[in-house]
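J.: Next up is a structure, given as C-alpha cells.
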Amino acid sequence: MKHLQHTDLNYSELFDEFRNPNSGAVVLFSGEVRDNNKGREVTHLEYEAYEPMANKMIEEILKEAISRFKLNQAICAHRLGRVEISGCAVVVITGAGHRKEAYDANQFIIDKVKNEVPIWKHEFFTDGTSEWGQNCDCVIGTGEHEHDHHHEKAE
Numbered sequence: 000m001k002h003l004q005h006t007d008l009n010y011s012e013l014f015d016e017f018r019n020p021n022s023g024a025v026v027l028f029s030g031e032v033r034d035n036n037k038g039r040e041v042t043h044l045e046y047e048a049y050e051p052m053a054n055k056m057i058e059e060i061l062k063e064a065i066s067r068f069k070l071n072q073a074i075c076a077h078r079l080g081r082v083e084i085s086g087c088a089v090v091v092i093t094g095a096g097h098r099k100e101a102y103d104a105n106q107f108i109i110d111k112v113k114n115e116v117p118i119w120k121h122e123f124f125t126d127g128t129s130e131w132g133q134n135c136d137c138v139i140g141t142g143e144h145e146h147d148h149h150h151e152k153a154e
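For the sequence shown, the residue numbers in numbering that gives the first Met the number 0 are 0 to 154.
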C-alpha cells in the first residue's frame, strides 16, 4: 500500500477494505485539521514529506505494530499537500482479536508516525502568517536537521 496520498483520504473506503473475520476489534483513528492551534486561527495545513523514506518507515512501523500487538492487520494513510479545516490528514486502522491490542497498537502507530516519519506540517493562519509544525524528531535535542525549515531548539 502507498501510505502517502495527494488526494483526499476516505476513511470509509479504507475501513471497508479493512474487514477481517478474525478481528473482534477494529479501531479507526482519523486525524482532522482543526481551525485553531495555540490560540491562533488556522485557515488550512499543507503537508510535505520525503516520500520514499516516509513510505518505507510507515511500512516498518506497521510491521512492528502487527508483530508487537498481535494484530490481524494495520493500515496508515497520510495526506500530503493542502488539507482544509475539518479535512482528514491521517488515518490509522488496527484490527485484532481484542480491543486492548487494537487500541494500544493504534496509538503506538500514530505516535511513531508523528514523531519519526519525515512528514512536515505547514500551518497557515488567518493573520496571513504561517509556521512549520514541530512534528519531526529532529526537534528533540538540537533543533538541527536536513530539511529546508528551522525549528526553535527544544527546551
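Glycine included, every Cβ here is placed at the ideal spot set by N, Cα and C. All values derive from a computational prediction rather than experimental measurement.
Start and end of the alpha helix (DSSP H) containing residue 102?
T.: 98 to 115 is the extent of the alpha helix (DSSP H) around residue 102.
J.: Does the beta-carbon of residue 105 have 16 or more other beta-carbons within 10 angstroms, so that it is buried, or is it exposed?
T.: Answer is buried; the Cβ neighbour count reaches 16.
J.: To which residues does DSSP link residue 90 through a beta bridge?
T.: Residue 90 pairs with 29 and 76.
J.: What is the residue span of the beta strand (DSSP E) that residue 39 lies within?
T.: First-last of the beta strand (DSSP E) with residue 39: 39 to 48.
J.: How many angstroms separate the CA atom of residue 19 from the CA atom of residue 72?
T.: Cα-Cα distance, rounded: 8 Å.
J.: Check each candidate in 115, 44, 76 and 99 and name the one with the smallest Cα separation from residue 129.
T.: Of the candidates 115, 44, 76 and 99, the one whose C-alpha sits nearest the C-alpha of residue 129 is 44.
J.: Taking three-plus beta-carbon pairs below 8 Å as touching, is the region 56 to 76 in contact with the region 0 to 9?
T.: Enough Cβ pairs lie closer than 8 Å, so yes.
J.: Alpha carbons only, please: which of 110, 116, 37 and 78 is nearest the one belonging to residue 10?
T.: Closest option to residue 10, Cα to Cα, is 78.
J.: Less than 8 Å separating the beta-carbons of residue 48 and residue 69?
T.: No, these two residues do not count as a Cβ contact at 8 Å.
J.: Nearest-angstrom Cα distance between residue 13 and residue 125?
T.: C-alpha separation (whole angstroms): 32 Å.
J.: Report the three-state DSSP secondary structure of residue 120 (helix, strand or coil).
T.: Residue state, collapsed to three classes: strand.
J.: Please state whether the Cβ-Cβ distance between residue 98 and residue 24 is less than 8 Å.
T.: Yes, the pair counts as a contact, with Cβ atoms nearer than the cut-off.
J.: Could you spell out where the alpha helix (DSSP H) holding residue 22 opens and where it closes?
T.: It is not in any alpha helix (DSSP H) - residue 22 carries neither H nor E in the DSSP assignment.
J.: From 131, 117 and 122, pick the residue whose C-alpha is nearest to that of residue 57; which is it?
T.: Per the Cα distances, 117.
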